[in-house]
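Engineer:
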Amino acid sequence: MNDLQSYYETMYILRPDIAEDEVTNHIDKYNKLLEEFGGTILDSQMRGKRRLAYQIAKHREGIYVQLSHQGDGQHIFKIEKAMRLSEDVIRYMTVKQEGPLPTPRPSTKSSSKTDGKENPETKVESKEEKPIVSADTLTSAKDDTETKEKAES
Numbered sequence: 051m052n053d054l055q056s057y058y059e060t061m062y063i064l065r066p067d068i069a070e071d072e073v074t075n076h077i078d079k080y081n082k083l084l085e086e087f088g089g090t091i092l093d094s095q096m097r098g099k100r101r102l103a104y105q106i107a108k109h110r111e112g113i114y115v116q117l118s119h120q121g122d123g124q125h126i127f128k129i130e131k132a133m134r135l136s137e138d139v140i141r142y143m144t145v146k147q148e149g150p151l152p153t154p155r156p157s158t159k160s161s162s163k164t165d166g167k168e169n170p171e172t173k174v175e176s177k178e179e180k181p182i183v184s185a186d187t188l189t190s191a192k193d194d195t196e197t198k199e200k201a202e203s
């Protein structure tokens with residue numbers, strides 16, 4: 051690989067009313083286009099349907115797709131132009147990254163349950179969190195009252 055190649059992440063939002071197989075077709079289409087234009091795909095993930103922060107083209111939800119890739123930067127204009135011309139893509143944004151993607155961590159959800167039974171350690175942790183938060187709150191309230199008393203005298 052050339053030293054001039056950088057890492058990029060493109061996030062695009064598809065219309066929420068398109069079928070699941072069409073979503074897969076769009077993901078494959080943009081992955082192939084990216085490779086044709088000289089980019090290397092590192093990771094491509096469909097993040098699912100989520101509520102938008104604000105309404106875009108009369109849509110309140112969108113299907114998010116994250117695409118991590120590497121290239122010399124010339125391929126970005128071409129892939130974004132293809133997204134701009136598509137009626138199914140309602141938003142897109144490409145961000146240059148400092149380095150490659152971090153390796154994903156193993157999921158903690160699958161390790162907390164074994165054979166349908168909850169791990170007792172997770173119960174202990176959740177019980178410990180509540181007293182700590184309330185103790186901090188009580189301590190800070192006590193400090194506030196002491197400060198007020200000193201200010202009044």
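Sequential numbering of the sequence shown, starting at 51, is according to the working numbering.
C-beta atoms are modelled at their ideal positions from N, C-alpha and C, and glycine is treated no differently.
Counting only beta-carbon separations shorter than 8 Å, does E70 have a partner in chain B?
Structural biologist: Among the chains in the structure shown there is no chain B, since it carries only a single protein chain.
Engineer: Quick check on V204: buried or exposed, where buried means 16 or more other Cβ atoms within 10 Å of its Cβ?
Structural biologist: A query on residue 204 cannot be resolved here, the shown segment of the chain reaching from 51 to 203 and no further.
Engineer: Is G88 near H119, with beta carbons less than 8 Å apart?
Structural biologist: Going by C-beta atoms, G88 is not nearer than 8 Å to H119.
Engineer: What does DSSP give as the partner residues of R100 in its beta bridges?
Structural biologist: In the DSSP output, where bridge partners are listed per residue, R100 has G112.
Engineer: So, helix, strand or coil for Q124, using DSSP?
Structural biologist: Q124: helix per DSSP, three-state reduction.
Engineer: Could you check where the beta strand (DSSP E) with L64 kicks off and where it finishes?
Structural biologist: Unbroken beta strand (DSSP E) run through L64: S56 to L64.
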